[in-house]
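Take 20 as the starting number for the sequence shown in the numbering used here and just add one per residue.
Cβ coordinates follow ideal geometry from the N, Cα and C atoms, glycine included.
Note sheet for the following structure.
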Amino acid sequence: MLVVRREFPYHRWEPVYIGTNKEPLYSELLTWEGQQDKMTQMNEMCLMGYRFVILDGAFLVHVPGIKRKTDLSLDLAAWRRPHERHNIEVYHSITRRMIHKYGTNTRCKI
């Protein structure tokens with residue numbers, strides 16, 4: 020069994036997890052289109068000391084599917100920029116609140 024934390028160098032990891040009603044809520048202010056929509060929840064769980072048990076052989080494929088380097092041209096990525104700018108503002112607001120609530124942990128990067 021492999022147990023890990025979402026800490027550096029895996030701080031960009033957005034795992035799909037099985038949880039209870041005690042985990043911090045996912046922020047619906049962040050959008051998938053703007054990317055990093057699960058990062059604040061994962062950062063909060065890191066600050067709270069959560070560990071993740073890796074399920075051997077389990078995986079999930081979701082829209083838009085498996086990412087490939089050649090999937091997005093510059094034109095196709097342009098539609099996402101306004102969403103990304105919005106998410107950046109919301110993201111920083113949420114992370115400031117978390118730091119105020121939990122303090123900082125250099126291993127829990129955002």
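In angstroms, rounded to a whole number, what distance separates the CA positions of valine 109 and leucine 48? For the purposes of this step, residue 109 is identified with residue 90 of the sequence shown, where counting begins at 1. For the purposes of this step, residue 48 is identified with residue 29 of the sequence shown, where counting begins at 1. Looking at the two C-alpha atoms, the distance is approximately 7 angstroms.
Taking a contact to mean a Cβ-Cβ separation below 7 angstroms, would you say leucine 66 touches cysteine 127 in this structure? Taking the first residue of the sequence shown as 1, we reach residue 66 at position 47. Taking the first residue of the sequence shown as 1, we reach residue 127 at position 108. Against a cut-off of 7 angstroms, the Cβ pair of cysteine 127 and leucine 66 comes out as a contact.
Could you give the distance in angstroms between the alpha-carbon of lysine 120 and the alpha-carbon of glutamine 55? Sequence index remark: in the sequence shown, residue 120 carries index 101 (1-based). Sequence index remark: in the sequence shown, residue 55 carries index 36 (1-based). Near 21 angstroms, if we compare the C-alpha coordinates of glutamine 55 and lysine 120.
So, isoleucine 118 versus threonine 59, is the Cβ gap smaller than 7 angstroms? Locating residue 118 in the sequence shown gives position 99, counting from the first residue. Locating residue 59 in the sequence shown gives position 40, counting from the first residue. No, the pair does not count as a contact, with Cβ atoms beyond the cut-off.
Cα-Cα separation, glycine 122 to aspartate 75: As a working mapping, residue 122 is identified with position 103 in the sequence shown. As a working mapping, residue 75 is identified with position 56 in the sequence shown. Going by the C-alpha atoms only, they are around 33 angstroms apart.
Simplified DSSP assignment, three categories, for isoleucine 107: Along the sequence shown, one-based indexing puts residue 107 at 88. Three-state result, isoleucine 107: helix.
So what's isoleucine 73 in DSSP terms, helix, strand or just coil? One-based indexing of the sequence shown puts residue 73 at position 54. It is a strand residue.
Take phenylalanine 27 and list the residues in its own chain whose beta-carbon comes closer than 6 angstroms to its own, dropping the five residues that flank it on each side. To locate residue 27, count along the sequence shown from 1; it is residue 8. Here the set comprises Arg126, Lys128.
Does the separation of the CB atoms of arginine 70 and valine 35 fall below 7 angstroms? For this step, residue 70 is matched to residue 51 along the sequence shown. For this step, residue 35 is matched to residue 16 along the sequence shown. In this structure, valine 35 does not lie closer than 7 angstroms to arginine 70 by Cβ.
I'd like the list of long-range same chain contacts for glutamate 33, defined as Cβ closer than 7 angstroms, with 5 residues on each side in sequence excluded. If you number the sequence shown from 1, residue 33 lands on position 14. Answer for glutamate 33: Lys57, Met58, Met61, listed in chain order.
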